[in-house]
Every structure is written in C-alpha cells, then in structure tokens.
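Our numbering puts the sequence shown at residues 288 to 515.
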Amino acid sequence: MDNTVLLSLRNVSASYTTRQFGIFGKKIKKPVLKDINLELRKGEIFGLTGKSGCGKTTLARCILGLVDYEGEILLDGQKMETTSRQIQMVFQEPGASLNPTKKIGWLMEEPLVIHGIGTPLQRLQAIDEMLLRVGLDPSYKKRRVNELSGGQKQRVCIGRSLILEPRLLIADEAISSLDVSAGAQILNLFRELREKHGLDILFISHNKAATEYLCDRVAEMREGKIYC
C-alpha cells in the first residue's frame, strides 16, 4: 500500500424523499449520508462497518453513480459523474445477481460483449483466466448457476465484476449470506486478489471481525456519518 489516493469523497451527503404520515402526507427529505469525507489509497483493502440501515449501501451506490448526492467523488483526481466500468460491485446475495437460465461462461462474457471488448476467442481466453483467478476451474463455464454452491456463485460474481479490469471493487455484504467456511474462503480470495493482482477493495460489512481480519484500515458508519 502506498499513500497515493485512489478514491476521494468530499462532503458527500445524500437523502431520500419520503412522505410524512402516510401516502397523503407532506413530502420530506430524510438524510441518509451527512458530509462524508473519506480517502481510499491505492493498494489497500478499506473496510466500512456499521449496523444495517446506517447508510453503508447508499454510500456505495453514490460511488457507483446510482444515487443523487451532494459533494464530490473523485477517482484518481477526476470527478465521478456517471457509473463507470472502473468501479464494479459485488452484492450480498450471489444467486440473485446471476441469471439461473444461463451458463457461467455466458454470464462471464456478457460484460465484455456489452462493452465491445475482444474477439470471441479473446473473450474465451479472458473467461478461462478469470475463472482460475477466482479459484474455479475453466470447465465451470459450462455449468449453470443452480449447479453451484453459494460460495461458488459468489466467486462467479467476483469474476464477472473483475472481467472488466476495474480500478476498484466494492464488496457490499459479500459474505453475509454464506456459511462460515465459504465466507472465510471469500475473504482469503479478496486478500489474494489484492496481493497477486493489485486489486483495490472497499469492503462493506456489518461483521466487524471479518472486516478487521481482512482490511488494512477500518471506518465505522453510524447514522450516516463516518468515524475512523
């Protein structure tokens, strides 16, 4: 890890509009994030922990450009204005992120096709290499989602996110739906991806023990504010 800043959040705030006293009530804004200032450095796994509903996922969605916010989010000093392929996300429930009717190879290839990357042969080679990187044999590309365990599904989700070679991976509660053994294996995979491939990770979890085990630095979110 060096001290070069990869991602910078400056005075980031976000709110949701809701209605007071039911559907016919007055519209009010409910603050979710309150003046967040945070820096993620290159070469690190940064942990963000906190109770459910404290704003962790909203912060991740702001970084991805999926939620309106006030303030600035910079990647390598450049303003983040829209969703960028340079930042990818792995979600809590791997089964819900994967089309069960498709084979793993198709799911891995889809992001490359969408972005017009590579020839069919180049994409096939990239899929095989990525499956190996996330700890799966290339033969898994011929399997379907319902043939995999929860941990294997999450490995596919991670590989699918990394196939575009992003600068930053956001893992949002990526082990919370897995059993202890599978969760530990995913944590070790994240560590290996950082050490062998230089992947920068924002690891979001309510599991303090897992966060402290994996991450170089940890911050806690409480009621929309960050405490380092």
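Ideal Cβ placement from N, Cα and C applies to all residues, glycine included.
- Query: Applying the criterion that 16 or more other CB atoms from any shown protein chain within 10 Å of the CB defines a buried residue, is L346 buried or exposed?
  - Reply: buried
- Inter-residue CB distance, L418 and L456 (contact presumed, cutoff 8 Å): 17 Å between Cβ atoms; not a contact.
- Item | For I473 and G438, believed in contact at Cβ under 8 Å, the rounded distance | 7 Å
- Query: Mind checking whether L480 and V432 have CB atoms under 9 Å apart?
  - Reply: no
- Which term fits T344, buried or exposed, when burial requires 16 or more other beta carbons within 10 angstroms of its beta carbon? buried
- Query: Which parts of the segment 345–388 are runs of the beta strand (DSSP E), unbroken and 3 residues or longer, counting only runs that do not cross its ends?
  - Reply: 357–362, 374–377
- Indicate whether E357 and A413 have their beta-carbon atoms separated by less than 9 Å. no
- Message: What does DSSP give as the partner residue(s) for V299 in the beta ladder?
- Response: I323
- Task: Rounded to whole angstroms, what's the CA-CA distance from G380 to K389? Just pull it up for me.
- Result: Correcting the residue identity first, residue 380 is Glu in this sequence and not Gly. Spanning the two alpha carbons is a distance of roughly 17 Å.
- Item | Inside the segment 412–469 only - alpha helix (DSSP H) runs reaching at least 4 residues | 437–449
- Task: Within the same chain, show all residues whose beta-carbon is closer than 7 Å to that of Y396, passing over the 5 residues directly before and after it, in chain order.
- Result: Checking the sequence shown, residue 396 turns out to be Glu, not Tyr. The residues are R410, I414.
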